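Numbering (full-length UniProt numbering), first residue to last: 1 to 276.
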């Protein structure tokens, strides 16, 4: 019968805190580790889970404008191993419901009470995160480490939630329309710049090209055509404004050999002057 009170087994990830009935009560300067421990039958060895644990908690809070929000919060935590004796003496084994949950809940109530329901959905979540960080620091003073606090769900009354979602959707649509308008303005500016550039180019080109240049290009084109094999070309001149020669340019290859014949060709006269 006394065996279970004398021989105590501490499993992996656990730590024990000894309470001595006749020798000063709780031992705060020693944590009993994993394995078998033998104690006096009138003493007690309280065993704590020292691993990372998780607890979920649902709570109702009020926003700045009085709307009730239901939160589902998940908290990951573990006790400071070397301070298990102090934790046991000052707080006790039920430290989750004594310290952790009340502290987190208090911080959320205070800070969400400063925010409108719409702001919670949009821009003010960072304020809640900062508040939770402060709560974690306060809990750490009670010899408990908070690994993370996660808000899993945030539920508003259905009609309020639909109204907020509709307002957010309309805002995004308005932003999209503004973007389209701005895009069209930029496109209009681009087209205007392109048109101005093309107009300047045409103006420069028209001032730099005269009749002599056009006739000179005609000479080059006629020369290339006259030297082409197996090609028959007829070019008719038109005086000073035509191709540099008139008559017929015929490329004949009927006998198997290419032959170029130019009939009635006359040299080009530019600007009414004589040919050299």
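Ideal Cβ positions, reconstructed from N, Cα and C, are used throughout, including at glycine. From a predicted model like this one, the values you see are computed outputs, not experimental measurements.
Across the set 135, 65, 138, 197, the C-alpha of 65 shows the shortest separation from the C-alpha of residue 117. Taking the CA atoms as reference points, residue 99 sits about 27 Å from residue 43.
Between the beta-carbon of residue 67 and that of residue 132 there is about 21 Å, and that puts the pair past the 8 Å contact cut. Look at residue 115 here: in three-state DSSP terms it is coil, with no helix or strand label. A Cβ-Cβ separation of about 3 Å places residue 32 in contact with residue 16 under the 8 Å criterion. Each of 12, 3, 2, 41 was checked against the Cα of residue 18, and the nearest Cα belongs to 41. By the Cβ test, the stretch 142-153 is in contact with the stretch 69-85, since at least three Cβ pairs between them sit closer than 8 Å.
Annotation for residue 29: no beta strand (DSSP E) segment contains it, and DSSP assigns it neither H nor E. The beta carbon of residue 110 sits closer than 8 Å to those of 131, all from its chain and outside the five residues before and after it, given in chain order.
The three-state reading of DSSP puts residue 200 in helix, counting H, G and I together.
Within the same chain, Cβ atoms closer than 6 Å to the Cβ of residue 150 are found at 74, the five residues on either side in sequence being excluded. Contact annotation: residue 45 and residue 39 have beta-carbon atoms nearer than 8 Å. For residue 18, the uninterrupted beta strand (DSSP E) segment begins and ends at 14-20. Judged by their CB atoms, residue 139 and residue 89 are not nearer to each other than the 8 Å cut-off. Our two residues, residue 202 and residue 214, have alpha carbons roughly 16 Å apart in a direct line. DSSP places residue 64 in the coil class of the three-state scheme, outside both helix and strand.
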